[in-house]
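In the working numbering, the protein residues as written are 6 to 329. Where is the CB? At the ideal position from N, CA and C, for every residue including glycine. Since the structure is predicted, the reported quantities are computational estimates derived from the model, not experimental observations.
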Amino acid sequence: MATADRQQQIPGMAWLRRMLVPLLLLTALLAAASAAAQSSSQSLLIAEDLGLPELRIAATDSGWEAPDEIAAGRYLITVTYEGTRQFGTTAFVQLPDDWLIQDFNQRLAETNNALLDVASGGDATEPDITWIYDFTFAGGVSPTSGATEQAIVDLPAGNWAIWADEFIPPARALLVSGDPPAVQPIPNYSATITGVNDDDAFEFQIDGDILAGQQILKIVNSSRQPVYIEFLELSALVDSDQLREFLLIPDGAAPDPALGLPDGFTASVTPFYSAMQSPDVTQWMVSDFAPGAWGIVCWLPDPQQDGASLASLGMIATFEIPQP
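This is how it looks when you write it as structure tokens:
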């Protein structure tokens, strides 16, 4: 849907779930993501083993099949996507008390239409998308077609919506009621990834060992604005500056030799994604990484710095997973 040129012209579009990299990567590498998901040996976690309730959701191209109301608490989220799009992102956003789901969907549609009009060369000016930063985001997952992904999220009482971490399809209302249990199980996790900022500089901090095979990662947002994490599988380990510059190469252009990238370097989009979460929110991501080089990135714009992407401000990192 997005092209490199459109991303350069419309910085606000770059934060959407799969509009984070130039078309060069998306068209060449989404097939690899689907293949990786289909070949994954990841088995599903059992809610009873974690001491948690489970919320099962079926994602489709038109929306989500899910309960209308649940009790407040910490949930193992299990999402299966049966659709034709590459990803069935399923995430959670809490609406302000004076917003109905119809209000939220109307704003999503208006913003999406304005972005599309700008992208097609229409007369509309680029819309302000930072209105959505006033909402509370709990995280979520992004399975590929025919696959299932899991995460653990906290859902306090309130009017919530299930949405795609972007402006389409329309969101589905989810009422969360009551008080959460006084004591909630903390999942066992292998490593913590924390989004932080120091004034206007952002970064990811990785504590612990990210391993090959199935594991749980703790994802913490200690920065001043919402953050998501996109996981990219790399053909070779490079540093974060090299990866950022590679991802920004215009469609059809060759990498600058001065970047010092390995010959034939690639960065593959994968099913592993930690959906947008607000400051001071924690979620736990269930993953099944292969050994090798990996990158993590967030392209959300910072409204306090003229919409500069968090990646350009330092929120991008690379790491290597050893053979088990």
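Item to check | Neighbour-count burial assignment, I134, 16 or more Cβ in a 10 Å radius | outcome: With 16 or more other Cβ atoms from the protein chains shown falling within 10 Å of its own Cβ, I134 counts as buried.
Checklist entry - Less than 7 Å separating the beta-carbons of F97 and A63? => result No, the pair does not count as a contact, with Cβ atoms beyond the cut-off.
Checklist entry - To the nearest whole angstrom, what separates the beta carbons of L49 and Q155, a pair I think is in contact under 8 Å? => result By a beta-carbon distance limit of 8 Å, L49 contacts Q155. Their separation comes to about 6 Å.
Checklist entry - For the putative contact between F109 and A166, defined by C-beta atoms under 8 Å, what is the C-beta separation to the nearest angstrom? => result Going by Cβ atoms, the distance from F109 to A166 rounds to 6 Å, so yes, they are a contact pair.
Checklist entry - What are the start and end residues of each continuous alpha helix (DSSP H) run of 4 or more residues lying completely inside the segment 102-179, in chain order? => result Here the runs fully enclosed are 106-124.
Item to check | Bridge-paired residues (DSSP) for W299 | outcome: Its beta-bridge partners are E238 and F324.
Checklist entry - What are the boundary residues of the alpha helix (DSSP H) that includes E250? => result Unbroken alpha helix (DSSP H) run through E250: S245 to L252.
Checklist entry - Of all the options G126, P132 and Q111, which has the alpha carbon lying nearest to the alpha carbon of A119? => result For A119, the nearest C-alpha among the options comes from P132.
Checklist entry - With 16 other CB atoms within 10 Å as the buried threshold, where does Q288 fall? => result Counting Cβ neighbours within 10 Å, Q288 comes out buried, since at least 16 surround it.
Checklist entry - Roughly how many angstroms lie between the CA atoms of A217 and V225, to the nearest whole one? => result So the alpha carbons of these two residues sit roughly 21 Å apart.
Item to check | In DSSP terms, what Y80 is bridged to | outcome: Per DSSP, V158.
Checklist entry - For W168, which option in Y138, T94, W136 and T153 has the closest C-alpha, if you only look at C-alpha atoms? => result Nearest C-alpha to W168: T94.
Checklist entry - Should A206 go down as buried or exposed, given a rule of 16 or more other Cβ atoms within 10 Å for buried? => result A206 comes out exposed.
Checklist entry - If you draw a straight line from the alpha carbon of R112 to that of L180, how long is it in whole angstroms? => result Roughly 20 Å between the two C-alpha positions.
Next on the checklist: Rounded to the nearest angstrom, what separates L29 and P255 at their Cα positions?
Outcome noted: Low local confidence applies: a pLDDT of 34 at L29 is under 50, so the model's placement there is unreliable, with the coordinate-based value given in what follows. So the two alpha carbons sit approximately 8 Å from each other.
Next on the checklist: Once the 5 residues before and after Q282 are set aside, which same chain residues still bring their CB inside 6 Å of it?
Outcome noted: Taking Q282 as the centre and dropping the five residues before and after it, the same chain places the C-beta of F142, G144, N226 and Q288 closer than 6 Å to its C-beta, in chain order.
Checklist entry - Where do the ends of the alpha helix (DSSP H) carrying L55 lie? => result Start and end: A52 to L55.
Checklist entry - First and last residue of the beta strand (DSSP E) that includes P267? => result Counting along the chain, P267 sits inside no beta strand (DSSP E), nor does DSSP assign it H or E at all.
Item to check | Separation of K223 from D214, as counted between CA atoms | outcome: Going by the C-alpha atoms only, they are around 12 Å apart.
Next on the checklist: Which residue marks the beginning of the beta strand (DSSP E) containing E70, and which one marks its end?
Outcome noted: Going by DSSP, E70 is part of the beta strand (DSSP E) stretching over G68 to E70.
Checklist entry - Do G183 and A71 come within 7 Å of each other at the CB atom, strictly closer than that value? => result 7 Å or more divides the Cβ of A71 from the Cβ of G183.
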